[in-house]
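Peer 1: Have a look at the structure that comes next, please.
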Amino acid sequence: MADLKHRILMVSDFFYPNFGGVENHIYYLSQCLLKLGHKVVVLTHAYGNRSGVRYMTGGLKVYYVPWRPFLMQNTFPTIYGTFPIIRTILLREKISLVHGHQAFSTLCHETLMHARTMGYKVVFTDHSLYGFADVGSIHMNKVLQFTLADVTRAICVSHTSKENTVLRSGLPPEKVFVIPNAVDTAMFKPAQQRLGRDEIVIVVISRLVYRKGADLLVEVIPEVCRLYPNVRFIVGGDGPKRVRLEEMREKHSLQDRVEMLGAVPHASVRSVLISGHIFLNSSLTEAFCIAILEAASCGLLTVSTRVGGVPEVLPDDMIVLAEPDPSDMVHAIRKAISILPNIDPQVMHDRMKRLYNWNDVAERTEIVYNRALKCSDQSLLERLSRYAIECFP
Amino acid sequence: MDMNFTADSSLAPSRWRKVAYGGMQPGYDDNHTDETFLEDMVMNANVVKRNMLKVMQDSVSISQYLCIVFLVVLVWIYTLRSTLNENSLLLLDISLLGSGFIILVLTEEMLSLKRLWNYILNVSFFTTGLFVLAPIYQTLTRSISSDSIWAVTISLLLLHLFLHDYSGSTIRPSGALKNPNLTSCISLNASIVASVFIASRLPSRVHVFATMLFSLQIFLFAPLVTYCIKKYSFRLHLLFSLGLMAVTLTFVYSLHCLLFVLLVGILIFVNVVCPYWLIRIQEYKFEINGPWDEAKLCFDITD
Chain A
1 MADLKHRILM
11 VSDFFYPNFG
21 GVENHIYYLS
31 QCLLKLGHKV
41 VVLTHAYGNR
51 SGVRYMTGGL
61 KVYYVPWRPF
71 LMQNTFPTIY
81 GTFPIIRTIL
91 LREKISLVHG
101 HQAFSTLCHE
111 TLMHARTMGY
121 KVVFTDHSLY
131 GFADVGSIHM
141 NKVLQFTLAD
151 VTRAICVSHT
161 SKENTVLRSG
171 LPPEKVFVIP
181 NAVDTAMFKP
191 AQQRLGRDEI
201 VIVVISRLVY
211 RKGADLLVEV
221 IPEVCRLYPN
231 VRFIVGGDGP
241 KRVRLEEMRE
251 KHSLQDRVEM
261 LGAVPHASVR
271 SVLISGHIFL
281 NSSLTEAFCI
291 AILEAASCGL
301 LTVSTRVGGV
311 PEVLPDDMIV
321 LAEPDPSDMV
331 HAIRKAISIL
341 PNIDPQVMHD
351 RMKRLYNWND
361 VAERTEIVYN
371 RALKCSDQSL
381 LERLSRYAIE
391 CFP
Chain B
1001 MDMNFTADSS
1011 LAPSRWRKVA
1021 YGGMQPGYDD
1031 NHTDETFLED
1041 MVMNANVVKR
1051 NMLKVMQDSV
1061 SISQYLCIVF
1071 LVVLVWIYTL
1081 RSTLNENSLL
1091 LLDISLLGSG
1101 FIILVLTEEM
1111 LSLKRLWNYI
1121 LNVSFFTTGL
1131 FVLAPIYQTL
1141 TRSISSDSIW
1151 AVTISLLLLH
1161 LFLHDYSGST
1171 IRPSGALKNP
1181 NLTSCISLNA
1191 SIVASVFIAS
1201 RLPSRVHVFA
1211 TMLFSLQIFL
1221 FAPLVTYCIK
1231 KYSFRLHLLF
1241 SLGLMAVTLT
1251 FVYSLHCLLF
1261 VLLVGILIFV
1271 NVVCPYWLIR
1281 IQEYKFEING
1291 PWDEAKLCFD
1301 ITD
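Chains as they are written, first to last, in this note's numbering: chain A, 1 to 393; chain B, 1001 to 1303.
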């Protein structure tokens, strides 16, 4: 491990006070890198009144640049408008390396481009999976090809995500590292008292949108309630599909067996999770599901759809996988209920502590930074030829 | 925190596994690319291999409809020039209605008196409505210049041809498989508006009624009739289309030489050049599917 200490700029449109996978990833990674002795600065756009420079735990400096988000928390793309402030920050903080997150973030793409113009080494982390067939994905992939034509190294959160990124962007696979997310096991501890077995509680916490498989839930919940009279559901989260779930509840008279909590703030997720035995995840696409890690850390047995990177996340004895088909999911829930007596939440939690750790993620990311900084500098002509080859074959 | 995954590490490094847990796999870098990389990728799974002859036969539907539209325009031109008088037009309308009915009756598998009665009732309502509204259409565009009318009509007809649903019919008999989509409704409306504009240039009420009846009959019911013929027998469909093309070419030749050349050019383009082009560019099709795709729900969402 090199003793070189880096000064890293993390860039993304998505950061605290927004809550989500990317935001968590940036925050925890930055904290662990700070512990390793590096200096980390985060660049994001202003959230409402939260504008200017803020300091977070551990001395993490965050620049909330006063730009207005225009679509789903993304900054309005003005290709050269962001250059002055980015240059100021890069020079003022004496940054040595820029790390961008999430393909969907316009700020990330612009910053990476400007950083490359100024000669900095650049690392990009991709957190989601995209298709190839619809109009939105095709445009997104073209933008990604442009940005990644020139990136020094890339990181993906799962092996499926690596395959997807390599296909979308045309990067050579040796340039892409797979470093998964992790979970803060200190925050997600199992309940002190083990729950009784006479009533089995299945917990679902997700945004209730099409992508997260809310329609599958509408089919699965009544069937499971019919087959197993001692099973109860707790559904946390809000979204456009909540109406369908409420209708399902009314139609099958499951008001006492299905509890709808509405939006669950991040701080209360643990208390909802520890009230259950099984965690159900029905998403239709997932690059890496952190919710499953949180559930496993709280000692719940997971039942999930076999999509995207989910099969890689947990060992086979901690998760039961099913095809995204209602009958198969009911079958998987039956299997989970049958193996539930063998599950010890505390044992599962201890295992998770060994399997996933943010410090490990930070160390592996440090290796990527060292590799990136060792790469040779490129002249402008080489850079332009890379763009030409990648984007206009 | 060290991440030794295997307690008893043998001399040879353990096999690389496609998993995300357990930290860095000993002996392998994080950017290790295994032979199983992209193993689950499926290319061009849903792509249909096309055969030139079949594509040419399928393109006959398009040229058949093009000829029908050309014939309608021809009839309009003859009516506007008073070459065709209102009585012969009325006769043409009635004979077309009659023959359309006969074809429908002959080619329909489930023939029932109730259905037939339904059709007759609908058509008589439609005709009566047109007759009553004919005076309105006659004076509709009196204040608009003829040039604007020709320009708007031609653009509407082009729009109609562009957005037309060539694979089926917007108006279906009850129990149809597919609901009409937005573009086919737009094209139908465009053709109806075009016929109203043309009809409003005519001198008398009977002219207007006859022309409107003719145009609307063709635009509304011709796709249905041709769809029924195609469903009944493909050979009959091909013969009918070829006959129609021959008739159109003859009439257009007697009208104007340049239009004839244009029509021949379009027909060759649609029937020969486009199928060849389609098959040539199909080689470049690259459809990628794999475990990263969003799962498709196998059931319908009924809201």
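C-beta: ideal position from N, C-alpha, C; glycine also.
Considering only the beta carbon of each residue, do Y27 (chain A) and Y16 (chain A) sit closer than 8 Å?
Peer 2: yes
Peer 1: Kindly indicate which three-state DSSP category T399 (chain A) falls into: helix, strand or coil?
Peer 2: Coverage of chain A is limited to positions 1 through 393, which leaves residue 399 (chain A) absent and any answer about it impossible.
Peer 1: Let me know if T106 (chain A) comes out buried or exposed under the rule of 16 or more other beta-carbons within 10 Å of its beta-carbon.
Peer 2: Burial is judged here by how many other beta carbons sit within 10 angstroms of a residue's own beta carbon; T106 (chain A) has at least 16 and is buried.
Peer 1: Three or more C-beta pairs under 8 Å: does that hold for the segment 284-300 of chain A against the segment 150-169 of chain A?
Peer 2: Counting C-beta pairs with one atom in each stretch, the segment 284-300 of chain A and the segment 150-169 of chain A have three or more that are closer than 8 Å, which means they touch.
Peer 1: Looking at C-alpha atoms only, which residue of A:K374, A:A362 and A:A372 is the closest neighbour of P180 (chain A)?
Peer 2: A:A362
Peer 1: Could you check how far apart the C-beta atoms of H38 (chain A) and K61 (chain A) are, in whole angstroms? I think they sit under 8 Å.
Peer 2: In fact, because the Cβ distance is near 13 Å, the residues do not count as touching under 8 Å.
Peer 1: Taking the alpha-carbon positions, what's the Q31 (chain A) to G309 (chain A) distance?
Peer 2: Each residue's alpha carbon lies about 25 Å from the other.
Peer 1: So which of A:R211, A:R7 and A:A149 has the shortest CA-CA distance to K175 (chain A)?
Peer 2: Among A:R211, A:R7 and A:A149, the Cα nearest to that of K175 (chain A) belongs to A:A149.
Peer 1: Are the Cβ atoms of T1248 (chain B) and L1084 (chain B) separated by less than 8 Å?
Peer 2: no
Peer 1: With 7 Å as the limit, tell me which residues of the segment 141-169 of chain A have their beta carbon closer than that to any beta carbon of chain B; keep them in chain order.
Peer 2: S158, H159, T160, E163, N164 and L167
Peer 1: Quick check: is the beta carbon of F1214 (chain B) nearer than 8 Å to any beta carbon in chain A?
Peer 2: No, no contact with chain A.
Peer 1: Roughly how many whole angstroms lie between the Cα atoms of F1251 (chain B) and S1241 (chain B)?
Peer 2: Between F1251 (chain B) and S1241 (chain B), the alpha-carbon positions lie close to 15 Å from each other.
Peer 1: Indicate whether G100 (chain A) and L112 (chain A) have their beta-carbon atoms separated by less than 8 Å.
Peer 2: yes
Peer 1: Could you tell me the alpha carbon to alpha carbon distance between R54 (chain A) and V11 (chain A), rounded to whole angstroms?
Peer 2: 15 Å
Peer 1: Report yes if the C-beta distance between G239 (chain A) and R207 (chain A) is below 8 Å; otherwise report no.
Peer 2: yes
Peer 1: CA-CA distance, C375 (chain A) and T165 (chain A)?
Peer 2: Take the alpha-carbon of C375 (chain A) and the one of T165 (chain A): they are about 21 Å apart.
Peer 1: Hey, would you say I1062 (chain B) sits closer than 8 Å to V1270 (chain B), going by beta carbons?
Peer 2: yes
Peer 1: To the nearest angstrom, how far is the alpha carbon of H109 (chain A) from that of T147 (chain A)?
Peer 2: 6 Å
Peer 1: Short check: CB of R50 (chain A) to CB of Y64 (chain A), under 8 Å?
Peer 2: yes
Peer 1: Hey, F233 (chain A) and E199 (chain A): beta-carbon distance below 8 Å or not?
Peer 2: no
Peer 1: At a CB-CB cut-off below 7 Å, which residues of chain B make contact with Y356 (chain A)?
Peer 2: Those are Y1021, listed as they occur along chain B.
Peer 1: List the residues that DSSP assigns as beta-bridge partners of G52 (chain A).
Peer 2: A:Y64
Peer 1: Less than 7 Å separating the Cβ of V41 (chain A) from some heavy atom of the ligand ADP?
Peer 2: For the structure depicted, the ligand ADP is absent and the ligand set is empty, with no information on it obtainable.
Peer 1: Between B:H1256, B:R1017 and B:F1214, which lies nearest to D1075 (chain B) when the distance is taken from Cα to Cα?
Peer 2: The sequence given here has Val at residue 1075 (chain B), not Asp. Of the candidates B:H1256, B:R1017 and B:F1214, the one whose C-alpha sits nearest the C-alpha of V1075 (chain B) is B:F1214.
Peer 1: First and last residue of the beta strand (DSSP E) that includes D126 (chain A)?
Peer 2: K121 to D126
Peer 1: Using beta carbons (cut-off 8 Å, strictly below), is V220 (chain A) in contact with chain B?
Peer 2: no
Peer 1: For the alpha helix (DSSP H) holding P1135 (chain B), just list the boundary residues, first then last.
Peer 2: L1113 to T1139
Peer 1: For G1100 (chain B), tell me which candidate among B:V1123, B:S1082 and B:R1081 has the shortest Cα-Cα distance.
Peer 2: B:V1123
Peer 1: Taking 8 Å as the threshold, find out whether the segment 125-145 of chain A comes into contact with the segment 344-355 of chain A through three or more Cβ pairs.
Peer 2: no
Peer 1: Does the Cβ of V183 (chain A) have 16 or more other Cβ atoms within 10 Å, making it buried, or fewer, making it exposed?
Peer 2: Counting Cβ neighbours within 10 Å, V183 (chain A) comes out buried, since at least 16 surround it.
Peer 1: Closest by CA to A263 (chain A), which one among A:V209, A:D316 and A:R306?
Peer 2: Nearest C-alpha to A263 (chain A) among A:V209, A:D316 and A:R306: A:V209.
Peer 1: For the beta strand (DSSP E) that contains G37 (chain A), what are its first and last residues?
Peer 2: No beta strand (DSSP E) holds G37 (chain A); DSSP gives it neither H nor E.
Peer 1: Can you say whether A1134 (chain B) is buried or exposed, counting buried as having 16 or more other CB atoms within 10 angstroms of its CB?
Peer 2: With a threshold of 16 other beta carbon atoms within 10 Å, A1134 (chain B) meets it and is buried.
Peer 1: Does the segment 300-315 of chain A touch the segment 1011-1028 of chain B, meaning 3 or more C-beta pairs lie closer than 8 Å?
Peer 2: Taking one beta carbon from each stretch, the segment 1011-1028 of chain B and the segment 300-315 of chain A have 3 or more pairs nearer than 8 Å; the two touch.
Peer 1: How would you list, in chain order, the residues of chain A whose beta-carbon sits under 7 Å from the beta-carbon of P1291 (chain B)?
Peer 2: Ordered by position in chain A, the residues that pass the 7 Å Cβ test against P1291 (chain B) are T160 and G308.
Peer 1: Touching or not, the segment 1154-1165 of chain B and the segment 1134-1144 of chain B, by the rule of three or more beta carbon pairs under 8 Å?
Peer 2: Contact fails: fewer than three Cβ-Cβ distances are below 8 Å.
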